[in-house]
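Below is one structure; the comments refer to it alone.
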Amino acid sequence: MSDIGGRRTVGRIVETEAYVGPDDPACHAFGHRRTSRTEALYDPPATAYVYFTYGMHWCLNVVTERADYPAAVLIRALEPWEGLELMRRRRGGVRDRELCAGPARLCQALGITGSQNRTSLIEGKVRIVRGSGRPRVTVTPRIGISEAVDWPLRFLIEGSTWVSR
DNA sequence: ACGCAGATTTTCT
DNA sequence: GAAAATCTGCGTT
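Residues in the first sequence are numbered from 3 upward in steps of one, following our numbering.
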């Protein structure tokens, strides 16, 4: 959920990818690479890692491991729950199915930018809270990367129609 | 439905 | 100078 610009949007996470640390060739901190961009990955768990790519897109990750161990989970898709009007406005009137189906799309829908980088996902303007169900999860390889292409680290809620691609 | 190219800028070589 | 954890619009089938 986000509370940005004085208004709230809520969604259920339906798709994620894991980037599992310095030994993962697809992780931005592969080989313990430490730059101004990757610095957030070395923060404590539940910190936001928001990075900018392709000249125009923001993507949101959750730092998952202890401080100084750079691993994170990329949030790839949400099922929109609240604040649909605001999401539609931010996304420029695309079909609802495409509001949050993709890592950069959901950031646009929720108003997430670099100003959320290194903020707490427990008490910040962007938060992640525990849900109530125990959904079945499907596992596939990650998308859009060129290293470790076959590692099964993409997780989808089984049967969700809100996932990307 | 599918495939391709353009957008646009940070980061690292 | 090239590539990048992407998205969109426009072309063809």
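Glycine included, each C-beta is placed from N, C-alpha and C at the ideal position.
- At a cut-off of 3 residues, the continuous stretches assigned as beta strand (DSSP E) that sit fully inside the stretch 140-164 are 156-159.
- Closest by C-alpha distance to GLY85, out of PRO24, VAL64, ASP98 and PRO105, is ASP98.
- For TYR71, the CB contacts under 7 angstroms within the same chain, skipping 5 residues up- and downstream, are GLY23 in chain order.
- Contact between the stretch 150-165 and the stretch 55-73 is not established, with fewer than three Cβ pairs separated by less than 8 angstroms.
- If you draw a straight line from the Cα of ALA48 to the Cα of ILE124, it is about 7 angstroms long.
- The closest CA to that of ASP25, considering only ALA74, PRO46 and LEU62, is found on ALA74.
- Secondary-structure assignment with DSSP links ASP5 through a beta bridge to ARG10.
- Taking THR55 as the centre and dropping the five residues before and after it, the same chain places no C-beta closer than 6 angstroms to its C-beta.
- Residue range 105-112 is occupied by the alpha helix (DSSP H) that includes ALA111.
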